[in-house]
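*Asks:*
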Amino acid sequence: MKKRIEAVNDFVIKFANVNGSGSASANELFAKAILRMGVPVSPRNIFPSNIQGLPTWYEARVSDKGYQGRRGGVDMMVAMNPQTWEADVAELEPGGYLFYDSTRPLPASSFRDDIHVIGMPLTEICNAVYSDPRQRQLFKNIVYVGALSVLLEIEPEVLEKLFGEQYKGKEKLLASNVQALHLGRDFASEHLQAPLGIRVQRRDRVGSRIFVDGNSAAALGCVYGGATVAAWYPITPSSSVAEAFQSYCAKYRVDPATGRHNYAVVQAEDEIASIGMVVGAGWNGARAFTATSGPGVSLMTEFLGLAYFAEIPVTIINVQRGGPSTGMPTRTQQADLISCAYASHGDTKHVLLLPEDPHECFEHAAAALDLADRLQTPVFVMTDLDIGMNQRLCEPFAWDDSRSYDRGKVMTAEELEAGKDFGRYKDVDGDGIPWRTLPGTHPSKGSYFTRGTTRNAYAQYSERGPDYIYNVQRLLKKFETAATLVPQPVLRPAARPTRLGVIYFGSTSPAMNEALDVLTEAGIHIDALRLRAFPFPASVAQFIAGHDKVFVVEQNRDAQMHCLLVNELDVDPARLVRVLHYDGTPITARFITGDITQQVQQVQAGAGTSQPQGKERVS
5 MKKRIEAVND
15 FVIKFANVNG
25 SGSASANELF
35 AKAILRMGVP
45 VSPRNIFPSN
55 IQGLPTWYEA
65 RVSDKGYQGR
75 RGGVDMMVAM
85 NPQTWEADVA
95 ELEPGGYLFY
105 DSTRPLPASS
115 FRDDIHVIGM
125 PLTEICNAVY
135 SDPRQRQLFK
145 NIVYVGALSV
155 LLEIEPEVLE
165 KLFGEQYKGK
175 EKLLASNVQA
185 LHLGRDFASE
195 HLQAPLGIRV
205 QRRDRVGSRI
215 FVDGNSAAAL
225 GCVYGGATVA
235 AWYPITPSSS
245 VAEAFQSYCA
255 KYRVDPATGR
265 HNYAVVQAED
275 EIASIGMVVG
285 AGWNGARAFT
295 ATSGPGVSLM
305 TEFLGLAYFA
315 EIPVTIINVQ
325 RGGPSTGMPT
335 RTQQADLISC
345 AYASHGDTKH
355 VLLLPEDPHE
365 CFEHAAAALD
375 LADRLQTPVF
385 VMTDLDIGMN
395 QRLCEPFAWD
405 DSRSYDRGKV
415 MTAEELEAGK
425 DFGRYKDVDG
435 DGIPWRTLPG
445 THPSKGSYFT
455 RGTTRNAYAQ
465 YSERGPDYIY
475 NVQRLLKKFE
485 TAATLVPQPV
495 LRPAARPTRL
505 GVIYFGSTSP
515 AMNEALDVLT
525 EAGIHIDALR
535 LRAFPFPASV
545 AQFIAGHDKV
555 FVVEQNRDAQ
565 MHCLLVNELD
575 VDPARLVRVL
585 HYDGTPITAR
595 FITGDITQQV
605 QQVQAGAGTS
615 QPQGKERVS
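Residue numbers (our numbering): 5 to 623.
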């Protein structure tokens with residue numbers, strides 16, 4: 005008898021569509037319906053970088069345990085694209101389910117013997133009801149959602165309520181979508197065997213968590229963090245950060261009495277101009293940021309070097325994508341670490357924040373503005389396409405209204421008038437951070453010349469070696485201070501003592517959380533440390549020193565985090581084991597589990613069965 009995958013609230017369903025067919029909204033409706041039934045779901049939209057015509061996929065992970073990362077493998081494929089048919093069918097797990105449009109019969113060779121095939125004449129159904137070609141295409145997506153609601157036991161009332169919210173005040177659109185939904189439900193109820201082995205049952209496991217994308221969260225974090233200036237140039241996948249910021253400012257930053265807009269959003273002619281505007285605004289005392297991606301950072305490096313050396317607060321939200329060059333604009337990677345950490349020529353080092361989800365995008369965007377002011381330097385928020393453009397379940401945003409912005413060391417007119425010594429680039433507190441003044445603070449005191457050339461501690465032009473060494477050593481001291489101010493790593497200790505560790509960060513975290521559970525069940529115990537920032541706090545070096553082998557999991561080809569750890573901490577490279585995923589799709593729990601398991605087995609085989617005295621067996 006053919007195997008059949010059986011699972012309640014624990015499966016992966018993938019939709020294979022054509023870009024521009026209107027499928028995205030229908031697939032999102034499907035995911036939100038499961039969410040409304042109290043079941044955690046994590047969707048990901050994998051789409052091409054053209055407008056329409058190429059393949060697109062939408063993958064939804066349904067997980068009672070609340071896993072938010074990709075698992076790997078597909079339990080049900082909704083195959084709506086003939087161009088990718090062969091690859092889509094091949095991706096199915098044995099015993100999985102293939103749902104397709106059977107209007108045109110396919111030969112038996114198009115299927116696999118170890119999967120369950122569900123054919124439904126979607127095109128025929130829509131052609132019989134709708135005369136307009138565009139309606140036929142759009143409503144075909146809703147029809148298959150209706151059929152899936154029967155096959156997977158998704159409550160139709162939930163879908164209808166979602167339609168009601170989406171088309172409030174547009175009764176004609178509401179009625180037509182509900183009609184298409186029930187066309188699919190009626191056919192499936194009469195002609196298809198339901199339910200399948202995979203299905204959805206109502207739960208209460210979402211709680212107070214919210215469903216939001218990282219770009220919107222980062223934009224809101226900038227609003228709450230006090231940003232008043234945004235300058236940007238459109239680039240995938242970061243454009244919606246600036247668009248969301250403008251939308252939020254229009255709601256929260258307009259004086260109700262005068263109608264005055266207390267913000268400025270400028271779409272510049274290119275990335276060079278946008279970072280220049282942000283540097284100018286930061287020098288003038290405004291909290292300013294830009295949003296971009298890897299190619300934009302490449303263009304911004306000269307201004308970033310100026311901001312670093314002239315010590316001007318700047319925040320950059322880098323929504324990373326596949327590179328180099330144009331690369332894969334609509335795919336995700338963690339491949340800008342080195343280019344951002346050392347952006348610009350000469351000896352430069354920049355602060356990087358590494359959020360794991362939209363909640364931390366909100367928190368880190370606000371924190372970046374504080375850190376930029378406190379440290380008087382560029383600060384990067386290193387999100388990526390997976391976090392930025394996909395909606396994710398996360399903890400609600402929280403903000404303490406009594407929280408005051410950290411503007412750092414800004415000398416006041418009163419202090420200047422009282423004769424306080426002002427050396428713009430002088431370290432008087434031992435932390436490497438000098439005092440600054442804002443333009444116009446005092447009519448005759450506290451002014452200085454902002455330059456990108458070398459100078460002495462009082463901002464006077466100087467090419468003397470001792471002055472240069474003093475300045476760059478002070479900047480290094482400031483970077484060390486930054487390590488104590490950035491978000492600290494999060495430790496997840498293993499259930500039992502182990503000499504194995506793993507380091508991970510950012511969008512790798514959701515898949516890593518599941519992989520650690522799977523590894524533990526398999527008897528492989530690993531202490532885990534999630535990095536949240538660069539420079540690395542002292543605890544990172546201590547973690548590495550406390551383990552014989554430390555896996556470094558990241559989504560790029562060149563092991564960039566591995567390089568930073570070796571370069572910055574003087575770590576023996578032999579201690580660090582690379583786990584690299586870089587095909588442009590988000591990393592999966594199965595990839596992490598498989599790679600680490602294989603390497604642990606190799607370590608065990610090389611070490612034999614004997615263990616060092618007083619230490620646990622490597623596991």
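Note that CB positions come from ideal geometry on N, CA and C, so glycine has one too.
#1: With Thr296 as the anchor, note down where its alpha helix (DSSP H) starts and where it stops.
#2: Which whole-angstrom value describes the C-beta separation of Cys130 and Phe143, a residue pair presumed to lie in contact below a C-beta threshold of 8 Å?
#3: Have a look at Leu110 and Trp89 and give me their C-alpha separation to the nearest angstrom.
#4: Which residues in the same chain as Val22 place their Cβ atom closer than 6 Å to its Cβ, once the five residues preceding and following it in sequence are excluded?
#5: Nearest to Val607 by CA position, among Phe167, Arg503, Thr441, is which residue?
#6: Which partner residues of Ala499 appear in the DSSP bridge assignment?
#7: Go through its chain and collect everything with a Cβ distance to Asp599's Cβ below 7 Å, but skip five positions before and after it.
#8: Let's test the definition: count the other Cβ atoms within 10 Å of the Cβ of Gly327 and tell me whether it reaches 16, buried, or not, exposed.
#9: So, using beta-carbon positions, are Gly392 and Asp217 closer together than 8 Å?
#10: For Glu306 versus Ser348, is the C-beta spacing smaller than 8 Å?
#11: Answer with buried or exposed for Pro470, where buried requires no fewer than 16 other C-beta atoms within 10 angstroms of its C-beta.
#12: Is the beta carbon of Ala402 sitting closer than 8 Å to the one on Tyr228?
#13: Can you tell me where the beta strand (DSSP E) holding Asp471 begins and where it ends?
#14: Which same chain residues end up closer than 7 Å to Gln605 when comparing Cβ atoms and leaving out the 5 residues on each side of it in sequence?
#15: Terminal residues of the continuous beta strand (DSSP E) containing Arg455?
#16: Do you know offhand how far Tyr252's Cα is from His566's?
#17: Under three-state DSSP, which class holds Phe249?
#18: Please tell me whether Ala638 and Val318 are closer than 8 Å, where the distance is taken between their beta carbons.
#19: Alpha carbon to alpha carbon, how far is Ser220 from Asp377? Give it in angstroms, no decimals.
#20: Could you tell me the distance, in whole angstroms, from the CA atom of Arg455 to the CA atom of Lys413?
#21: Answer yes or no: do Asp68 and Val45 have a C-beta to C-beta separation smaller than 8 Å?
#22: Secondary structure at Phe15, three-state DSSP: helix, strand or coil?
#23: First and last residue of the beta strand (DSSP E) that includes Gly99?
#24: Could you tell me whether the Cβ atoms of Met124 and Phe15 are closer together than 8 Å?
#25: Could you give the first and the last residue of the continuous beta strand (DSSP E) run that contains Gly450?
#26: Give the secondary structure of Ile342 by DSSP, where H, G and I count as helix, E and B as strand, and everything else as coil.
#27: How long is the line joining the alpha carbons of Ile9 and Ile239, rounded to whole angstroms?
#28: With DSSP as the reference, label Glu558 as helix, strand or coil.
#29: Buried or exposed: Phe426, going by 16 or more other Cβ atoms within 10 Å of its Cβ?
#30: Nearest to Leu580 by alpha carbon, out of Gln603, Lys482, Lys424, Met81?
#31: Taking the runs of the beta strand (DSSP E) that are 3 residues or longer, which of them lie wholly in the stretch 323–411?
#32: Determine the direct distance from the alpha carbon of Asn394 to that of Arg335, and round the result to whole angstroms.
#33: Have a look at Ala515, Ala486, Leu126 and flag the residue whose alpha-carbon is nearest the alpha-carbon of Phe538.
#34: Drop a sphere of 10 angstroms on the beta-carbon of Asn49, count the other beta-carbons inside from all chains shown, and report buried for 16 or more, exposed for fewer.
#35: Quick one: what's Asp531 bridged to in DSSP?
#36: Just curious, the alpha helix (DSSP H) that Asn571 is in, first and last residue?
*Replies:* From the atom records:
#1: Segment 292–296 is the beta strand (DSSP E) holding Thr296; no alpha helix (DSSP H) there.
#2: Cys130 to Phe143, Cβ: 6 Å. Contact.
#3: Leu110 and Trp89 have their C-alpha atoms roughly 11 Å apart.
#4: Taken in chain order, the residues that qualify are Asn85.
#5: Comparing Cα positions, the closest option is Arg503.
#6: Per DSSP, none; premise fails for Ala499.
#7: Only Val583 meet the Cβ criterion.
#8: Burial call: buried.
#9: A contact, by the Cβ cut-off of 8 Å.
#10: Yes; because the gap between Cβ atoms is below 8 Å, this pair is in contact.
#11: Burial state of Pro470 is exposed, judged by a 10 Å Cβ sphere holding fewer than 16 other Cβ atoms.
#12: No; because the gap between Cβ atoms is not below 8 Å, this pair is not in contact.
#13: For Asp471, there is no enclosing beta strand (DSSP E); the enclosing alpha helix (DSSP H) has its first and last residue at 469–489.
#14: Same-chain partners within the cutoff: there are none.
#15: Element bounds for Arg455: n/a, residue is neither H nor E.
#16: Straight-line spacing of the CA atoms in Tyr252 and His566 works out to 38 Å.
#17: In this structure, Phe249 counts as helix in the three-state DSSP scheme.
#18: Any question about residue 638 goes unanswered here, given that the chain covers just 5 to 623.
#19: Between Asp377 and Ser220, the C-alpha separation is close to 23 Å.
#20: So the alpha carbons of these two residues sit roughly 19 Å apart.
#21: At the C-beta level, Asp68 and Val45 stay beyond 8 Å of one another.
#22: Phe15: strand per DSSP, three-state reduction.
#23: Where Gly99 is concerned, the enclosing beta strand (DSSP E) stretches over 96–105.
#24: No, Cβ-Cβ distance for Met124 and Phe15 is not below 8 Å.
#25: Annotation for Gly450: no beta strand (DSSP E) segment contains it, and DSSP assigns it neither H nor E.
#26: In the structure shown, the three-state DSSP call for Ile342 is helix.
#27: Note on geometry: alpha-carbon atoms of Ile9 and Ile239 lie some 41 Å from one another.
#28: In this structure, Glu558 counts as strand in the three-state DSSP scheme.
#29: That one is buried.
#30: Out of Gln603, Lys482, Lys424, Met81, Gln603 has the C-alpha closest to the C-alpha of Leu580.
#31: Complete beta strand (DSSP E) runs here, min 3: 355–357, 382–388, 395–398.
#32: Those two C-alpha atoms are separated by around 12 Å.
#33: Of the candidates Ala515, Ala486, Leu126, the one whose C-alpha sits nearest the C-alpha of Phe538 is Ala486.
#34: By the neighbour-count criterion, in which a residue is buried when 16 or more other Cβ atoms sit within 10 angstroms of its Cβ, Asn49 is buried.
#35: Looking at the DSSP assignment, Asp531 forms a beta bridge with Gly505.
#36: The continuous alpha helix (DSSP H) containing Asn571 extends over residues 564–573.
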